[in-house]
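Residue 10 is where the sequence shown starts when you use the numbering used here, and the numbers rise one by one after that. A virtual CB, placed ideally from N, CA and C, is assigned to each residue, including glycine. A short write-up of the structure that comes next.
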Amino acid sequence: MEKYAKTGIIIEKKKTMLKQKIVLIGFPGMALVGKGVAEYLINALGLELEVVMHPIHSPANVVVDNGLIITPSINIYSKRDVDIAVVTSSFQPQTDEGQNMVAHFVLEYLANKKVLSIISAAAYVTSNPSKPRKVYVASTHREFLRRLLDIGLSPMEGGISGLNGLIPGLSYMYGLPGAVLLGETGEIYVAGNLMDYLAVASVLEAISKIANIELDTRELFRKGEELEEKITTQALREIETEEKPSAPTHL
Numbered sequence: 010m011e012k013y014a015k016t017g018i019i020i021e022k023k024k025t026m027l028k029q030k031i032v033l034i035g036f037p038g039m040a041l042v043g044k045g046v047a048e049y050l051i052n053a054l055g056l057e058l059e060v061v062m063h064p065i066h067s068p069a070n071v072v073v074d075n076g077l078i079i080t081p082s083i084n085i086y087s088k089r090d091v092d093i094a095v096v097t098s099s100f101q102p103q104t105d106e107g108q109n110m111v112a113h114f115v116l117e118y119l120a121n122k123k124v125l126s127i128i129s130a131a132a133y134v135t136s137n138p139s140k141p142r143k144v145y146v147a148s149t150h151r152e153f154l155r156r157l158l159d160i161g162l163s164p165m166e167g168g169i170s171g172l173n174g175l176i177p178g179l180s181y182m183y184g185l186p187g188a189v190l191l192g193e194t195g196e197i198y199v200a201g202n203l204m205d206y207l208a209v210a211s212v213l214e215a216i217s218k219i220a221n222i223e224l225d226t227r228e229l230f231r232k233g234e235e236l237e238e239k240i241t242t243q244a245l246r247e248i249e250t251e252e253k254p255s256a257p258t259h260l
């Protein structure tokens with residue numbers, strides 16, 4: 010266990026295997042794209058919990074499950090002979106200071122472990138998302154960006170909020186190339202806090218090309234099509250209800 014008095018505590022559950030690995034950052038965010046990508050990779054690749062981080066800018070509460078206290082944490086998952094590690098959590102700090110402190114906390118640890126690069130997953134909101142979803146990209150290094158554009162991604166314009174943008178954005182300070190892969194999504198997913206499985210699947214397909222690994226995204230595409238059909242059906246019902254004339258009133 011390593012202690013950082015001003016930033017938090019790091020507990021290594023086992024010998025870490027992070028050297029020269031691509032680190033995928035996936036925190037909760039819009040349309041749950043980052044979190045969805047992280048959870049898929051952990052399960053599909055059989056990654057194991059190696060590191061538990063408790064930054065001081067964690068939520069000031071705990072979860073109790075059948076009497077057992079669970080403290081909020083940032084977790085790092087990895088596995089021998091797998092070239093990807095995943096950093097994820099159930100929370101993001103709610104202040105700008107907290108976001109920056111946690112970003113540097115995580116990056117300092119990863120840089121000391123000599124990881125290869127930092128890539129995060131996030132969402133790019135449009136009024137009419139395409140099918141299949143486009144994946145946009147932003148990077149700290151021109152050469153890294155060029156490589157990502159060469160696999161068919163689109164350059165992003167605008168801004169990225171939260172740790173999914175901040176951690177790769179600050180990674181150059183630690184000598185690490187950073188990039189954000191943003192899956193196109195719609196406003197209705199963001200407003201309803203719904204996971205856009207189609208966006209998650211598209212980002213994962215980009216990651217499979219970057220890391221040269223096989224990922225089966227068929228189930229995600231199936232769930233995404235089903236959810237989109239439900240959303241469309243519900244929207245049509247609401248339109249029909251609004252357009253239906255009301256019954257005449259007799260006085």
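query, result
"From the DSSP output, read off the bridge partner residues of residue 190.", "130, 146"
"Does residue 322 come out as helix, strand or coil in the three-state DSSP assignment?", "Nothing in the structure corresponds to residue 322, since the chain is present only between 10 and 260."
"So, for residue 210: in the same chain, excluding its five sequence neighbours on each side, which residues have a beta-carbon less than 7 Å away from its beta-carbon?", "226, 229, 230, 233"
"Quick check: the stretch 85-97 against the stretch 156-163, are at least 3 beta-carbon pairs closer than 8 Å?", "no"
"Please specify which runs of the beta strand (DSSP E), each continuous and at least 3 residues long, are wholly inside the stretch 156-220, giving them in chain order.", "187-195"
"My guess is that residue 172 and residue 112 are in contact by the Cβ rule of under 8 Å, so how many angstroms apart are they, rounded?", "6 Å"
"What first and last residue would you give for the alpha helix (DSSP H) that runs through residue 120?", "105-121"
"Between residue 79 and the rest of its own chain, which residues show a CB-CB distance below 8 Å, the 5 nearest in sequence each way excluded?", "71, 72, 73"
"What do you get for residue 164, buried or exposed, if any count of 16 or more other CB atoms within 10 angstroms of its CB means buried?", "exposed"
"Spatial neighbours of residue 61 within its chain, please: CB distance less than 7 Å, with the 5 preceding and 5 following residues excluded, ordered by chain position.", "20, 22, 82, 84"
"Rounded to a whole number of angstroms, what is the C-alpha to C-alpha distance between residue 239 and residue 197?", "12 Å"
"Going by alpha carbons, who is nearest to residue 217 out of 86, 162, 166, 167?", "162"
"Could you name the residues of the same chain whose beta carbon sits closer than 6 Å to that of residue 138, not counting the 5 residues immediately before and after it, in chain order?", "193, 194, 195"
"Kindly list the residues whose CB is nearer than 7 Å to the CB of residue 215, restricted to its own chain and excluding five residues on each side of it in sequence; keep chain order.", "144, 160, 162, 190"
"Express the C-alpha separation of residue 31 and residue 55 in angstroms, rounding to a whole number.", "16 Å"
"What number of angstroms, rounded off, separates the C-alpha of residue 66 from the C-alpha of residue 219?", "32 Å"
"Taking residue 121 as the reference, which of 222, 17, 29 has the closest Cα?", "29"
"Taking residue 24 as the reference, give the member of 50, 58, 108 with the closest Cα.", "58"
"So residue 179 and residue 116 are in contact, right, with Cβ under 8 Å, and what is the actual spacing, rounded?", "6 Å"
"If you follow the alpha helix (DSSP H) that residue 48 is in, where does it begin and where does it stop?", "42-53"
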